[in-house]
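Residue numbers (UniProt numbering): 1 to 215. Every residue, glycine too, gets a C-beta built ideally from N, C-alpha and C. See structure below.
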Amino acid sequence: SFHFTCVVELADQSISMISASLMPYKNHRVLFIDKGQTGGHAEEITEMLKQLDLEPIVVKDESQVPPPEIQDPTGKDSGHAYDVIIVDSVDTARNLRTYDEFKYIPIVLLCPVVSVSLKSALDLGITSYMTTPCQPIDLGNGMLPALEGRSTPITTDHTRSFDILLAEDNDVNQRVAVKILEKCNHGVTVVSNGLQAVEAIKKRRYDVILMDVQM
1 SFHFTCVVEL
11 ADQSISMISA
21 SLMPYKNHRV
31 LFIDKGQTGG
41 HAEEITEMLK
51 QLDLEPIVVK
61 DESQVPPPEI
71 QDPTGKDSGH
81 AYDVIIVDSV
91 DTARNLRTYD
101 EFKYIPIVLL
111 CPVVSVSLKS
121 ALDLGITSYM
131 TTPCQPIDLG
141 NGMLPALEGR
151 STPITTDHTR
161 SFDILLAEDN
171 DVNQRVAVKI
181 LEKCNHGVTV
191 VSNGLQAVEA
201 IKKRRYDVIL
211 MDVQM
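As structure tokens, then:
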């Protein structure tokens with residue numbers, strides 16, 4: 001392990017920092033299934049989505065979800081109604097994936113305490129997850145990969161491979177994580193501490209970096 005001290009400026013938390021990236025997705029529709037597990041922050045999340053120029057559709061459970069297809073005046077389907085789904089529990093995400101119409105819509109998980117394994121997140125197509133409460137810029141950064149991946153079907157058969165950097169100082173945890181990731185057809189580079197991780201990303205680009213929060 002190692003430690004260091006540095007002086008940094010506070011990051012700009014204004015929405016303007018993420019607005020340009022979200023501009024192509026203005027007025028995209030976000031289905032928010034609010035089962036009351038966000039720690040009382042559902043209304044804040046809804047308002048933040050509006051601030052991000054996204055259109056939230058809020059329901060209390062799956063049974064209240066409006067028809068997923070948009071119909072033109074003649075009654076013909078003209079496109080999918082939802083670009084991203086926000087859920088407040090893994091169980092809700094798992095249940096949604098049993099419906100054909102929701103299999104390929106990216107999911108964002110929001111709850112006070114996130115407890116989901118990497119494998120479950122990959123299997124369920126959870127593109128990002130974060131704890132509540134959160135700031136608008138945090139929500140925007142979480143929504144961005146989901147919106148970007150909207151047109152890409154979720155590959156639950158693990159045919160999509162990622163180049164992953166794993167920073168973990170425990171040998172047992174290293175072996176377990178590598179076994180799970182390689183089983184999902186991902187390439188894994190292992191380092192033992194944060195300093196080695198910094199050196200590794202200087203040498204090459206990784207799709208995903210997995211790091212202990214203490215690093």
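Looking at the DSSP output, Gly187 bridges to Asp163. Straight-line measurement puts the Cα of Met211 at about 11 Å from the Cα of Val198. Residue burial is scored here from C-beta neighbours: Met23 has fewer than 16 other C-beta atoms within 10 angstroms and is therefore classed as exposed.
In this structure the segment 15-35 lies against the segment 53-65, because at least three pairs of beta carbons, one per stretch, are closer than 8 Å. DSSP, reduced to helix, strand and coil, places Pro106 outside both helices and strands of the structure shown, so it counts as coil.
Leu96 carries a helical assignment under DSSP once its states are collapsed to helix, strand and coil. A distance below 8 Å between beta-carbons, with the five flanking residues on each side excluded, links Asn170 to no residue of its chain. Boundaries of the beta strand (DSSP E) around Ser128: Ile126 to Thr131. Within the same chain, Ile45, Asp88, Leu110, Cys111, Pro112 and Thr132 come within 8 Å of Thr38 by CB-CB distance, once the 5 residues on both sides are set aside. Burial of Ala146 is indicated by the presence of at least 16 other C-beta atoms within 10 angstroms of its C-beta.
Under the three-state reduction of DSSP, Leu52 is assigned to coil, being neither helix nor strand.
Exclusion of the five residues before and after Gly40 leaves no residue of its chain whose Cβ lies closer than 7 Å to its Cβ. Under a 10 Å Cβ-count criterion, Val208 is classified as exposed, with fewer than 16 other Cβ atoms of the shown protein chains found around its own Cβ. Relative to the Cα of Pro106, the nearest Cα in the group Ser115, Val114, Arg94 and Ser117 belongs to Arg94.
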